[in-house]
Amino acid sequence: MDYQQTVNYLYDRLPAFQKSGSAALKKDLRNIIAFCDHLGNPQNNFKTIHVAGTNGKGSSSHMIASVLQEAGYKTGLYTSPHLKDFRERFKVNGLMCPEEYVIQFIERHKEFIEELKPSFFEVTVALAFQLFSDEKVDAAVIEVGLGGRLDSTNIIIPVLSLITNIGYDHTDILGDTLEQIAFEKGGIIKPGVPVVISEFQEETAKVFKKLADEKDSGIYFSQDLIKVEETNEGTPNYLVSVLASGNKWTQKCGLEGNYQSKNFSGVLASLEILKKEGHFQISDWNIQNGIEKVILNTGLKGRWQKLNDHPLVICDTGHNTEAFEYTRKKLLTYKKGDLHIILGFSKDKDWGKVLRILPQKAHYYFSGFDSPRSADPESIIKYAKINSIFNNIGGGYQDVNSALEKVLSIAGAEDLIFIGGSTYLVAEINIL
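Remember, my numbering sits 12 above the position in the sequence shown when you count from 1.
Here it is as structure tokens:
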């Protein structure tokens, strides 16, 4: 098989969340344990940092990896889902896994895969662990796919766990209360391994404290170690950080979006603990450069990313109510021209709730994407009209590029076009 045939094999033969939703999930860790046993447990050959959370886990993972790279450590980074290329999931020092490695891994273990019948995600986790072991990385940042307790990544024993925040997402799988969701995310807390919580939430803090106490793990809430405030310098990606030691500096964050301040707080707290525990030697200069150059160092895409200047086109992969609370605030700060908002959702998301928090003074367009999980844009429009949510609805489109082409043809040079609602929608933007 060539590379594309190999990727097609993975998508066609294995259950994938992108296609099947919760039906693709396994309810235990037996498959990934068996797969890694088959490989010789490569996940035990390097230090890991494990990152979970409803929002911010991808951005936080990339920031930590970027700082470790700046500190001179050969760093693996495993994240999901990918936007453009399957190999985005597996990076070493910011470089994607070679196509030939993917081909050889699948060919070498195809017979075992056929026998085990793992999910798509389980295969990607095993591939990541083997790649990082073969590359002899000093450390790997491992992002949880979904939840934590039963996520395939949860067979690692990390040197630190980071939980970014807890919100209402995947409630059909993780539970419909913040406490239930926190219990699932908190499943990554390991005996004796420190855990950092980026965002303090009363409902979830007690859950995390209980789990940490039961496992004799030190627990740190980032607000107790780090203070992060946006400056009034007129540039939203500048933050002021005050560490517990009293050090204070103005930090340029390579990722925009006002929600990044909480991610940044958790990342800084995590780095402080990693230094304190003696796992890595990281200077303040490494931290400042790593945070500022996160996109350059890791190739992260889709986080409040600018795609065009006139009109301004922005995309963001945030896809739940909590993420859109921040998106709404950010959009409302734009005063130069009109707002045009292109949205597409997975049908298992609570998109009705998202619609109700978005700005009224905007032109709305709805799009589908290439997945059985895509919500029908006409159904969204019908819902919005029946409930009188928006005054200006520009129509529905089967794909995001058709929607964007239309909006670009009518938008003024000073207008802002925002595209979001689903990672899978953003992934299909041609100019990304």
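Think of the CB as a built atom: it goes at the ideal place given N, C-alpha and C, for glycine as much as any other residue.
Identify every run of the beta strand (DSSP E) within the stretch 21 to 85, keeping only runs that are complete inside it and at least 3 residues long; order them along the chain.
-> 59 to 64
According to DSSP, residues forming a beta bridge with Gln317 | Cys327
Touching or not, the stretch 411 to 420 and the stretch 293 to 311, by the rule of three or more beta carbon pairs under 8 Å?
-> no
Just to confirm, are Leu89 and Ala77 a CB contact at a threshold of 8 Å?
-> yes
Neighbour-count burial assignment, Ile169, 16 or more Cβ in a 10 Å radius = exposed
Using the C-alpha atoms, what's the distance from Asp40 back to Leu158?
-> 13 Å
Taking Leu143 as the reference, which of Arg99, Lys122 and Phe132 has the closest Cα?
-> Arg99
Distance between beta carbons of Ile294 and Leu286, contact taken as under 8 Å = 7 Å
With distances taken between CB atoms, is the gap from Ile193 to Ile178 smaller than 8 Å?
-> yes
Buried or exposed: which applies to Ile369, given that a residue is buried once 16 or more other Cβ atoms fall within 10 Å of its Cβ?
-> exposed
Grab me the residues of Tyr15's own chain with a C-beta within less than 7 Å of its C-beta, minus the 5 sequence neighbours each way, in chain order.
-> Glu111, Val114 and Ile115
Between the CA atoms of Phe430 and Gly246 - distance to the nearest angstrom = Bear in mind that a pLDDT of 46 at Gly246, under 50, signals an unreliable position, so the model cannot answer this.
Going by C-alpha distance, which of Gly204, Leu428 and Leu51 is nearest Asp350?
-> Leu428
Extent of the continuous beta strand (DSSP E) run through Thr87 | Thr87 to Tyr90
Unbroken alpha helix (DSSP H) run spanning Gln192, endpoints | Leu190 to Lys197
Ends of the alpha helix (DSSP H) at Ala224?
-> Glu214 to Glu226
Leaving out five residues before and five after Asp188 in sequence, what residues of the same chain have Cβ atoms less than 8 Å from its Cβ?
-> Tyr180
Kindly provide the ranges of any alpha helix (DSSP H) runs that are 4 or more residues long and lie completely inside the stretch 124 to 181, ordered along the chain.
-> 132 to 146
Hey, how far is the Cα of His182 from the Cα of Lys361?
-> 8 Å
CB-CB length for Thr165 against Val156, believed under 8 Å = 5 Å
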